[in-house]
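Take a look at the structure below.
Now the structure itself:
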């Protein structure tokens, strides 16, 4: 995760990054922050229960704060905003780590100066959020993909097909687990069978492949 | 088409735009009305993922083959062209487009579509997606119909952006991403229902949407409840 955060700082062109894992809106844990300011930002949001990261998690979309000093934001987050400004952040971009109903946490990026992300920077930030989300997902499931797996998956053109998400829902019922665990199992099966996510998902949706409950250590689906 | 039906449609869509309405449900409604009013057999909405690809967010029917045809356009087809140029694309006869879009034209014709249109969804200088229309008869839509189609595309844009007051490009980005994620929530819920009830994906969507309507709940709220198990459909 440290690697993803640092890559995001360099790649997007921000001053710092932090990732907070949110189990629910009340149970949270900061997994990494690239510098003290990023650490403070996570800390303030945990302490006050408000801020861009909290809203991004609850609303299911990014919260892009171009100028934290504008009056809108002291009204929106009365405790967080002055503390964050005091720490040295002038712009904060909070990106939810999510896949539909699966909500894992938030990637926070900050800049010491106000200003928007360019379209290109936003695209990169969204890509880093995806990478961080998949790391959390596979990490929580005990299947740690290596960097090659992540690169491979980023290039998988089938990863966004509707059937991938439909299959997640079906596997959830087949295994009696959460959506998060179901998606992790689908991905683990895809790695181990060396296929593309969309192709495996299609087999599930067309009812040629079923997942059966088994001890979580194996991470494999069966016919 | 009757003027009265057109007027009723716009009133109905405007009525939907109350506080806290559901974006995916609203866009679905727009596509259903497009199919009825514009005399086309299917309609879909694709939105930019702001990373170079277009994603399906709504369709007039949830049949897998239509969704797949729509999604095929992350790299070729009328919608990417419309999105990149910001101009409407009209193809009255797809058999003349086999070299322009080899894969898309072949798949569309296999399903039985003969003509295709893509109308841009624009906000000031930004193009955020495209409204895609499919006909089963060759022949161009007349100018009035195209104009009505563009009006519906504009309504779809307004609805999407009104979900939260859109002041600037950053708010637009927030809203687009949230809408795309809502679509994923719907797909996951369709899977849950399909498996539990032994239904196909189209039937699962119909059940989900029908239940949301009759119980007066937002489509994506009900979908989340289905996924986390607090609601069993």
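Residue numbers (this note's numbering), protein chains in the order written: chain A, 1484 to 1706; chain B, 43 to 275. All residues carry an ideal CB built from backbone N, CA and C; glycine is no exception.
Quick one: grab the DSSP three-state call for residue i.
i, result
"residue 259 of chain B", "coil"
"residue 1635 of chain A", "Bear in mind that the predicted position of residue 1635 of chain A carries a pLDDT of just 49, short of 50, making it too unreliable to give a figure here."
"residue 1579 of chain A", "strand"
"residue 1513 of chain A", "strand"
"residue 1641 of chain A", "coil"
"residue 1677 of chain A", "coil"
"residue 144 of chain B", "helix"
"residue 163 of chain B", "strand"
"residue 62 of chain B", "coil"
"residue 246 of chain B", "helix"
"residue 1505 of chain A", "strand"
"residue 1652 of chain A", "helix"
"residue 1671 of chain A", "helix"
"residue 1682 of chain A", "helix"
"residue 1594 of chain A", "strand"
"residue 176 of chain B", "strand"
So residue i contacts chain B; which residues on that side make the cut at Cβ distance below 7 Å?
i, result
"residue 1643 of chain A", "97"
"residue 1610 of chain A", "93"
Compute the Euclidean distance between the alpha carbons of residue i and residue j, then round it to the nearest angstrom.
i, j, result
"residue 1665 of chain A", "residue 1653 of chain A", "8 Å"
"residue 228 of chain B", "residue 262 of chain B", "6 Å"
"residue 1635 of chain A", "residue 1679 of chain A", "Confidence at residue 1635 of chain A is low in this model, with a pLDDT of 49, below 50, so its placement is unreliable and the value that follows should be read with caution. Each residue's alpha carbon lies about 10 Å from the other."
"residue 1555 of chain A", "residue 201 of chain B", "24 Å"
"residue 124 of chain B", "residue 1564 of chain A", "41 Å"
"residue 244 of chain B", "residue 1601 of chain A", "39 Å"
"residue 1584 of chain A", "residue 144 of chain B", "35 Å"
"residue 1561 of chain A", "residue 266 of chain B", "30 Å"
"residue 190 of chain B", "residue 1569 of chain A", "53 Å"
"residue 1485 of chain A", "residue 60 of chain B", "43 Å"
"residue 1536 of chain A", "residue 1557 of chain A", "15 Å"
"residue 6 of chain B", "residue 217 of chain B", "Residue 6 of chain B lies beyond the range of chain B shown here (43 to 275); nothing can be said about it."
"residue 1706 of chain A", "residue 1604 of chain A", "With a pLDDT of 46 at residue 1706 of chain A, under the threshold of 50, the modelled position of this residue cannot be trusted, and the question is left open."
"residue 1717 of chain A", "residue 1621 of chain A", "The question about residue 1717 of chain A has no answer here: the residues shown for chain A are numbered 1484 through 1706."
"residue 1631 of chain A", "residue 1674 of chain A", "In this prediction, residue 1631 of chain A has a pLDDT of 49, which is less than 50 and means its spatial position is unreliable; nothing more can be read from the coordinates."
"residue 166 of chain B", "residue 269 of chain B", "37 Å"
"residue 87 of chain B", "residue 53 of chain B", "20 Å"
"residue 192 of chain B", "residue 1693 of chain A", "44 Å"
"residue 107 of chain B", "residue 156 of chain B", "15 Å"
"residue 255 of chain B", "residue 68 of chain B", "12 Å"
"residue 181 of chain B", "residue 1616 of chain A", "47 Å"
"residue 1614 of chain A", "residue 114 of chain B", "24 Å"
Is any beta-carbon of chain A found at less than 8 Å from that of residue i?
i, result
"residue 160 of chain B", "no"
"residue 139 of chain B", "no"
"residue 94 of chain B", "yes"
"residue 266 of chain B", "yes"
"residue 52 of chain B", "no"
"residue 220 of chain B", "yes"
"residue 105 of chain B", "no"
"residue 230 of chain B", "yes"
"residue 223 of chain B", "yes"
Could you check how far apart the C-beta atoms of residue i and residue j are, in whole angstroms? I think they sit under 8 Å.
i, j, result
"residue 1599 of chain A", "residue 1549 of chain A", "5 Å"
"residue 1502 of chain A", "residue 1520 of chain A", "The pair is not a contact, with the Cβ atoms about 15 Å apart (cut-off 8 Å)."
"residue 1578 of chain A", "residue 1606 of chain A", "About 12 Å separates the two Cβ atoms, so there is no contact after all."
"residue 1576 of chain A", "residue 1494 of chain A", "With a Cβ gap of about 13 Å, residue 1576 of chain A and residue 1494 of chain A do not count as contacting."
"residue 111 of chain B", "residue 149 of chain B", "5 Å"
Please list the partners that residue i has in chain B, where partner means a Cβ-to-Cβ separation under 8 Å.
i, result
"residue 1546 of chain A", "216"
"residue 1653 of chain A", "233, 234, 236, 237"
Would you say residue i reaches chain B, if we count a Cβ-Cβ gap shorter than 8 Å as a contact?
i, result
"residue 1495 of chain A", "no"
"residue 1542 of chain A", "yes"
"residue 1660 of chain A", "no"
"residue 1648 of chain A", "yes"
"residue 1606 of chain A", "yes"
"residue 1657 of chain A", "yes"
"residue 1549 of chain A", "yes"
"residue 1602 of chain A", "yes"
"residue 1599 of chain A", "yes"
When you measure from the CB of residue i to every non-hydrogen atom of the ligand NAP, does any distance come out below 7 Å?
i, result
"residue 1662 of chain A", "Looking for the ligand NAP in the displayed structure turns up nothing, as the structure carries no ligands at all."
Could you tell me whether the Cβ of residue i comes closer than 8 Å to any Cβ of chain E?
i, result
"residue 1537 of chain A", "Within the model displayed, chain E is absent; protein chains A and B are what it includes."
Taking residue i as the query, report the chain A residues whose CB atoms sit under 9 Å from its CB, ordered along the chain.
i, result
"residue 243 of chain B", "1645, 1646, 1649, 1688"
"residue 113 of chain B", "1643, 1644, 1645"
Along chain A, in chain order, which residues have C-beta atoms closer than 7 Å to that of residue i?
i, result
"residue 109 of chain B", "1645"
"residue 226 of chain B", "1582, 1583, 1648"
"residue 212 of chain B", "1547, 1549, 1599"
Since residue i meets chain A, which of its residues come closer than 8 Å, beta carbon to beta carbon?
i, result
"residue 270 of chain B", "1584, 1661, 1662"
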